[in-house]
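Colleague:
Protein chains in written order, with my numbering: chain A, 12 to 232; chain B, 38 to 316.
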């Protein structure tokens with residue numbers, strides 16, 4: 012077990028996992044918020060676009076999206092991020108993780124919007140706020156506070172889903188490194204436990220934190 | 038007792054992780070199927086054209102033919118063989134938990150593997166090579182990979198070796214070789230690297246015939262052995278004798294020609310090999 016730790020850059024691999032998680036979480040939050048606004052907007056076309064996106068992306072396997080980004084977009088459509096294969100795969104993995112989880116962020120936020128009594132939106136309109144203003148000043152702040160718990164679950168799922176990136180990213184990332192260690196040393200329990208422990212360290216405090224934050228931020232009604 | 042129980046836990050975990058690997062071996066627990074039957078369980082690859090391929094209920098490939106021959110020498114008719122899927126990452130576990138008796142699955146003999154299982158053989162010496170598009174003459178070996186895009190499988194020995202040999206190589210890694218072949222055909226990458234036997238198997242597939250070629254400059258030596266339970270010297274000796282007989286009576290040549298010949302593949306130097314002594 013000692014030589015597995017010293018022969019392989021496990022910390023480096025988990026650092027890549029953290030990078031993937033943070034970058035794609037930011038991307039997913041931005042894109043998911045835009046989609047949620049689409050889905051609650053008064054414009055029919057936007058609502059349709061929002062629900063079309065969510066239903067398509069949410070029901071597509073992430074592995075498929077990952078492979079499509081390289082085999083389809085990079086090779087056939089010729090849209091690479093970089094000529095260097097590993098850089099290109101890294102950024103496409105970030106984009107695909109963000110694109111995929113944006114659908115879940117959108118639904119979490121929409122559920123947050125739905126916790127707000129309809130009277131508040133009506134009150135906002137009646138004092139003369141536009142849709143944009145009522146969204147910014149009244150609805151979204153409360154929606155985010157009400158959606159902390161589902162957003163947290165989405166973030167935890169995202170962190171674990173970064174392992175899917177191993178299908179295009181190689182051994183830079185933790186699941187890919189696990190494949191390499193298994194190839195060289197054979198399957199062994201200590202190796203599995205090290206990687207499982209790594210993910211527990213990443214996600215468990217997050218879960219505890221999210222529960223307390225969601226309790227503190229919940230809108231008292 | 039404790040070790041065995043942990044072994045069972047490890048096997049279960051490995052099976053669960055390997056998805057879809059299950060199916061064929063449902064008597065689990067490895068509680069010795071020896072009984073009265075004359076069956077033998079052999080682990081092979083199910084997804085390697087030319088080496089070990091499952092199509093419907095038919096199994097074809099060099100490893101399958103070698104395994105059938107060896108099993109016959111051990112007193113098992115072809116019909117008594119139960120084929121078990123042995124993906125690379127699970128081979129040691131399948132052997133040590135007794136879920137298979139032999140593993141014949143492009144299984145390179147290495148020192149770290151010898152700590153967990155015993156090997157008979159080698160029955161074939163393969164080498165790491167490059168697969169390129171048939172009309173590409175610019176790649177003739179690992180030294181000509183500068184500025185080229187290369188493809189291999191995540192974490193595989195081949196991927197690690199090529200990183201050592203050509204530092205800074207532009208390497209795309211995928212989960213399986215099939216994706217690399219698809220990328221090669223669509224001009225996404227310029228070469229695919231792994232054992233020449235595996236490459237020859239892909240090049241010989243109907244849909245790629247004439248489109249791909251193996252470069253033929255192997256830059257490593259992979260000695261394929263037959264994996265069996267660690268320390269079972271008696272079985273190892275019998276399997277080694279069977280391999281020797283197979284090479285001597287010309288069956289070895291027939292098997293190689295039939296399975297890898299269609300791709301224009303010639304076994305590299307060192308073939309047919311002399312099996313190591315059992316220890």
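C-beta: ideal position from N, C-alpha, C; glycine also.
None of these values were measured; they are calculated from a predicted model.
What is the rounded straight-line gap between the Cα of residue 182 (chain B) and the Cα of residue 104 (chain A)?
Modeller: Taking the second chain and counting its residues from 1, one reaches residue 182 (chain B) at position 145. Taking the first chain and counting its residues from 1, one reaches residue 104 (chain A) at position 93. Distance between the alpha carbons of residue 182 (chain B) and residue 104 (chain A): 26 Å.
Colleague: Around the Cβ of residue 139 (chain A), are there at least 16 other Cβ atoms within 10 angstroms (buried) or fewer (exposed)?
Modeller: On the first chain, residue 139 (chain A) is found 128 positions in, with the first residue counted as 1. Counting Cβ neighbours within 10 Å, residue 139 (chain A) comes out exposed, since fewer than 16 surround it.
Colleague: By the criterion of Cβ-Cβ separation under 8 Å, what are the contact partners of residue 87 (chain A) in chain B?
Modeller: Walking along the first chain from the start, residue 87 (chain A) turns up at place 76. 223 and 225, listed in chain order.
Colleague: Would you kindly check if the distance between the Cβ of residue 236 (chain B) and the Cβ of residue 226 (chain B) is under 8 Å?
Modeller: In the second chain, the residue the question calls residue 226 (chain B) occupies position 189. In the second chain, the residue the question calls residue 236 (chain B) occupies position 199. For residue 226 (chain B) and residue 236 (chain B), no; Cβs fall outside 8 Å.
Colleague: Can you list, in chain order, the residues of its chain whose CB lies under 7 Å from that of residue 64 (chain A), leaving out five sequence neighbours each side?
Modeller: The residue labelled residue 64 (chain A) in the question sits at position 53 within the first chain. For residue 64 (chain A), same chain residues with a beta-carbon under 7 Å away, outside a window of 5 residues either side, are 46 and 114 in chain order.
Colleague: Considering Cα atoms alone, identify which of B:124, B:123 and B:109 is closest to residue 117 (chain B).
Modeller: By 1-based counting over the second chain, the position of residue 117 (chain B) is 80. When each option's Cα is compared against that of residue 117 (chain B), the closest is B:109.
Colleague: With distances taken from CA atoms, which of B:111, B:84, B:93 and B:112 is nearest residue 99 (chain B)?
Modeller: Position 62 of the second chain, counting from 1, holds the residue named residue 99 (chain B). Comparing Cα-Cα distances from residue 99 (chain B) to each of B:111, B:84, B:93 and B:112, the minimum goes to B:84.
Colleague: Is residue 134 (chain B) close to chain A? Criterion is C-beta to C-beta, closer than 8 Å.
Modeller: If you number the second chain from 1, residue 134 (chain B) lands on position 97. No, its Cβ sits nowhere closer than 8 Å to a Cβ of chain A.
Colleague: Report the option in B:79, B:142 and B:123 whose CA atom is closest to the CA atom of residue 319 (chain B).
Modeller: The shown model of chain B, from 38 to 316, leaves out residue 319 (chain B), and the question about it has no answer.
Colleague: Assuming residue 86 (chain B) contacts residue 196 (chain B) under a Cβ cut-off of 8 Å, what Cβ separation, rounded to an integer in Å, is found between them?
Modeller: Taking the second chain and counting its residues from 1, one reaches residue 86 (chain B) at position 49. Taking the second chain and counting its residues from 1, one reaches residue 196 (chain B) at position 159. The Cβ separation is near 20 Å, so there is no contact.
Colleague: Less than 8 Å between CB atoms is the rule here; does residue 219 (chain B) satisfy it with respect to chain A?
Modeller: Within the second chain, the letter at position 182 stands for residue 219 (chain B). Taking Cβ atoms only, chain A reaches closer than 8 Å to residue 219 (chain B), which makes this a yes.
Colleague: How do the stretch 131-150 of chain A and the stretch 65-76 of chain A stand: do at least 3 beta-carbon pairs fall below 8 Å, yes or no?
Modeller: Segments in contact, no.
Colleague: Please list the partners that residue 127 (chain B) has in chain A, where partner means a Cβ-to-Cβ separation under 7 Å.
Modeller: Reading the second chain from its first residue, position 90 is the one you call residue 127 (chain B). Neighbours of residue 127 (chain B) on chain A, chain order: 198.
Colleague: Short of 7 Å in beta carbon distance, which residues of its chain neighbour residue 205 (chain B), apart from the five on each side in sequence? Order them along the chain.
Modeller: For this step, residue 205 (chain B) is matched to residue 168 along the second chain. No residues qualify anywhere along the chain.
Colleague: Please classify residue 287 (chain B) as buried or exposed, where buried requires at least 16 neighbouring CB atoms within 10 angstroms.
Modeller: Residue numbering aside, residue 287 (chain B) sits at position 250 when the second chain is read from its first letter. Residue 287 (chain B) is exposed by the Cβ-count criterion.
Colleague: If you follow the alpha helix (DSSP H) that residue 132 (chain B) is in, where does it begin and where does it stop?
Modeller: Stepping through the second chain from its first residue, residue 132 (chain B) is reached at position 95. It spans 128-133 - the alpha helix (DSSP H) in which residue 132 (chain B) sits, taken as one unbroken run.
Colleague: With distances taken from CA atoms, which of B:296, B:267, B:291 and B:284 is nearest residue 137 (chain B)?
Modeller: What you label residue 137 (chain B) is simply residue 100 of the second chain in a count that begins at 1. When each option's Cα is compared against that of residue 137 (chain B), the closest is B:267.
Colleague: Give, in chain order, every unbroken run of the beta strand (DSSP E) that is at least 3 residues long and sits entirely within the stretch 141-223 of chain B.
Modeller: Every beta strand (DSSP E) stretch that sits fully inside the stretch 141-223 of chain B and reaches 3 residues is listed by chain position as 155-163, 165-170, 186-190 and 207-211.
Colleague: Would you tell me roughly how many angstroms separate the C-alpha atoms of residue 14 (chain A) and residue 103 (chain B), rounded to the nearest one?
Modeller: Sequence index remark: in the first chain, residue 14 (chain A) carries index 3 (1-based). Sequence index remark: in the second chain, residue 103 (chain B) carries index 66 (1-based). Whole-angstrom Cα-Cα distance: 36 Å.
Colleague: Among A:118, A:36 and A:92, which one has its Cα closest to the Cα of residue 66 (chain A)?
Modeller: In the first chain, the residue the question calls residue 66 (chain A) occupies position 55. Measuring from the Cα of residue 66 (chain A), the nearest candidate turns out to be A:118.
Colleague: Could you spell out where the beta strand (DSSP E) holding residue 177 (chain A) opens and where it closes?
Modeller: As a working mapping, residue 177 (chain A) is identified with position 166 in the first chain. Careful: residue 177 (chain A) lies outside any beta strand (DSSP E), inside the alpha helix (DSSP H) at 177-180.
Colleague: Could you confirm whether any beta carbon from chain C is found closer than 8 Å to the beta carbon of residue 190 (chain A)?
Modeller: Protein chains A and B are contained in the structure displayed, whereas chain C is not.
Colleague: When the cut-off is 8 Å and only beta carbons count, does residue 246 (chain B) lie next to chain A?
Modeller: Along the second chain, one-based indexing puts residue 246 (chain B) at 209. Cβ-Cβ to chain A under 8 Å: no for residue 246 (chain B).
Colleague: Does the stretch 163-180 of chain B come into contact with the stretch 32-47 of chain A, if we say contact requires no fewer than three beta-carbon pairs (one atom in each stretch) closer than 8 Å?
Modeller: Too few Cβ pairs lie closer than 8 Å, so no.
Colleague: Could you round the C-beta distance between residue 156 (chain B) and residue 310 (chain B) to whole angstroms and report it? I think they count as a contact, below 8 Å.
Modeller: Here residue 156 (chain B) corresponds to residue number 119 of the second chain, with the count starting at 1. Here residue 310 (chain B) corresponds to residue number 273 of the second chain, with the count starting at 1. Not confirmed; about 12 Å, so no contact.
Colleague: Is DSSP giving residue 71 (chain A) helix, strand or coil here?
Modeller: Taking the first residue of the first chain as position 1, residue 71 (chain A) is located at position 60. The answer is coil: DSSP assigns residue 71 (chain A) none of H, G, I, E or B.
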